[in-house]
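In my numbering, the protein residues as written are 24 to 296.
The beta-carbon is built from N, C-alpha and C at its ideal position, and this holds for glycine as well.
I have placed the structure first, in the form of structure tokens, so that the comments after it can refer back to it.
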DNA sequence: CAGCATGTTTGAAG
DNA sequence: GCTTCAAACATGCT
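This is the structure in structure tokens:
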């Protein structure tokens, strides 16, 4: 489920499995998944090795032994990686496969085809061109406040906007707003200084917690809102128990904000404008 | 079977 | 040019 923490986990996975092995071949099932045309990609990467990685928001960059050849991966809603021995069956949905001379393969799994792979020649130039905001883990409180206050839209869609701050997705924004006691429909330019500080702290808390638990939701602290989402690894056997605010026990409300499903505590998250 | 989904891009409207 | 919003994308899962 690739939001920032999950992309970070994939970065670490790639970094510990797939560096310093010569790329012999790249299998591409569906060329629509590429943001660089197939022959350019093949010509640039065959014979190269991955040497390091960098993540910005939900973007994973993989540097090669040619400084001007960098792979960018985006995991869409459901993308994943799987490193496996070439003698084994190709994993399900591994629509792009990097085949190394070591006999191991790195599969880029795309169940829903919203994922993308392509080349960039300069990471910072790419970020500038795409106007990607600062990474959620790096952004300062004051920069966040400045970027947020320029927007008149609702705070939830503003936090989802990768140009404002990079890496927050739907569930993380809900969690951040819950931890910061901010209503998802408050206008971004009406947040007080105090709310802005709470928001910044909540972003750090949620991202660091998610990375620490390797994005495994069932292990998250009990005071996290995420447990209201009825995902397979919910920590509760009692389905009803996770429909209530973990702090005040008010029933959690479900709404659509900015076109996305949104959960919040109607008692503790109030519009303060 | 119908509805929903963790994300981004695009285009329309203001 | 900028902002905001809804739709579209392609497919899997419940």
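In terms of Cβ geometry, residue 28 and residue 162 do not form a close pair [threshold 7 Å].
Per DSSP, residue 240 is not a residue of any alpha helix (DSSP H), being assigned neither H nor E.
Shown here, residue 89 sits in coil according to DSSP, grouped into three states, outside any helix or strand.
For residue 244, the CB contacts under 8 Å within the same chain, skipping 5 residues up- and downstream, are 232 in chain order.
For the options 95, 141, 291, the alpha carbon positioned closest to that of residue 57 is the one of 141. In this structure residue 201 is in contact with residue 288, their Cβ atoms being roughly 6 Å apart against a cut-off of 8 Å. By the neighbour-count definition (other C-beta atoms within 10 Å, threshold 16), residue 207 is a buried residue. In the displayed model, residue 100 falls within coil according to three-state DSSP, outside both helix and strand. Residues 72, 73, 74 of the same chain have their beta carbon placed closer than 8 Å to that of residue 43, with the five preceding and five following residues left out of the count. In this structure, residue 167 sits near residue 223, with a CB-CB distance shorter than 7 Å. Between residue 189 and residue 158, the C-beta spacing is below 7 Å. Under the 8 Å Cβ criterion, the region 216-230 does not count as touching the region 98-112, having fewer than three qualifying pairs.
Burial check for residue 41: the Cβ neighbour count within 10 Å reaches 16 or more, so the residue is buried. Within the DSSP secondary-structure output, residue 75 pairs in a beta bridge with 86. Judged by DSSP in its simplified three-state form, residue 117 adopts strand. Check the Cα spacing between residue 134 and each of 64, 119, 147, 124: the tightest is with 119. Membership of residue 201 in the alpha helix (DSSP H) is indicated by the continuous run 193-202.
A distance below 6 Å between beta-carbons, with the five flanking residues on each side excluded, links residue 187 to the following residues of its chain, in chain order: 156, 170, 181.
Across the set 215, 38, 219, 191, the C-alpha of 38 shows the shortest separation from the C-alpha of residue 86. Bounds of any alpha helix (DSSP H) do not take in residue 47; it lies within the beta strand (DSSP E) bounded by 46-51. Counting C-beta atoms within 10 angstroms of its own C-beta, residue 191 has 16 or more neighbours from the protein chains shown and is therefore classed as buried. Rounded to whole angstroms, residue 70 and residue 92 show a C-alpha spacing of 12 Å. Distance check between residue 127 and each of 105, 286, 138, 282 places 105 closest, using alpha-carbon atoms only. If you look at residue 225, you'll find it in the alpha helix (DSSP H) that goes 216-235.
Boundaries of the beta strand (DSSP E) harbouring residue 278: 276-280, taken from the DSSP string.
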